[in-house]
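> First residue of the sequence shown: 890, per my numbering; consecutive thereafter.
Idealized CB from N, CA, C, for every residue including glycine.
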Amino acid sequence: MRKHQLSFIILASLTLASLCLAQSSQERKDSSASTGSHTAHVVLTPDQVKWGPAPPSLPPGAQLAVLEGDVSKAGAPFTLRGKFPDGYRVPPHWHPTDERIVVLQGALGMGVGEKFDQATGHELPVGSYALMPKGVRHFVWVKGETVIQVSGMGPFEINYVNPADDPRKVPKE
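1) Could you say if the region 1020-1035 and the region 976-993 meet the contact criterion of at least three C-beta pairs nearer than 8 angstroms?
2) Please classify residue 972: is it buried, with 16 or more other beta-carbons within 10 angstroms of its beta-carbon, or exposed?
3) Counting only runs of 3+ residues fully inside the region 979-1020, write out the beta strand (DSSP E) ranges in chain order.
4) Just to confirm the assignment, what range does the beta strand (DSSP E) spanning residue 1066 have?
5) What are the boundary residues of the beta strand (DSSP E) that residue 1057 is part of?
6) Could you round the C-beta distance between residue 933 and residue 941 to whole angstroms and report it? I think they count as a contact, below 8 angstroms.
7) Pop quiz: residue 929 and residue 1043 are said to be a contact at Cβ under 8 angstroms. What is the actual Cβ separation, rounded to whole angstroms?
8) Less than 6 angstroms between C-beta atoms, sequence neighbours within five positions excluded: which residues of the same chain meet that for residue 1047?
9) With residue 1035 and residue 994 assumed to form a contact (beta carbons below 8 angstroms), what rounded beta-carbon distance in angstroms separates them?
10) Specify the secondary structure class of residue 966 as computed by DSSP and reduced to three states.
11) With 16 other CB atoms within 10 Å as the buried threshold, where does residue 918 fall?
12) For the region 985-1001 and the region 1009-1024, state whether three or more C-beta atom pairs, one from each stretch, are separated by less than 8 angstroms.
13) Inspect the beta-carbon positions of residue 1020 and residue 970 and report whether they are closer than 8 angstroms.
14) Could you name the residues that DSSP lists as bridge partners for residue 954?
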């Protein structure tokens, strides 16, 4: 009888140990999958963020800073920040990938639809989060100087509902 108890204790201990090892292995797999192809730890203080002019796909006046990743590479994770002056607007547009937004400063207005209508949108204060699924037609505006953080998977592109709204198609003076 005592021999059976000892065998049971050993078997239970081995089972528990193997479950713990399997869980630890899965956590390592999940952790490496969630970081994509990143191999370096990234830490930036606010004074290290390098702002530059936004690409020509956005109306003039915005600034962007890529914190990590490659916004042009398909399937590559990225995080960027956008800084917009008071009154800035982006006409109805859509993206080929999901867009995740956090408001860091100011107020961001977002609406869904093919027509710019602030009355149908929502104003998001500092700390707000929004997920805009790929392909959803939407528009934005800001109140006060506004800073947002956007993360997603590349490529990060903007397609305007009305081609005449695309700043890339405006003749240069």
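Reading from the atomic positions:
1) yes
2) buried
3) 988-1001 and 1011-1013
4) As displayed, the chain neither begins before 890 nor continues past 1062, which places residue 1066 out of reach and without an answer.
5) No beta strand (DSSP E) contains residue 1057, which DSSP labels as neither H nor E.
6) Not a contact, Cβ separation roughly 15 angstroms.
7) Actually they are not in contact, since the Cβ atoms of residue 929 and residue 1043 sit about 18 angstroms apart, beyond 8 angstroms.
8) 946 and 982
9) 6 angstroms
10) strand
11) Annotation note: pLDDT 40 at residue 918 (below 50); position unreliable, coordinate value reported separately. So residue 918 counts as exposed.
12) yes
13) In this structure, residue 970 does not lie closer than 8 angstroms to residue 1020 by Cβ.
14) 970
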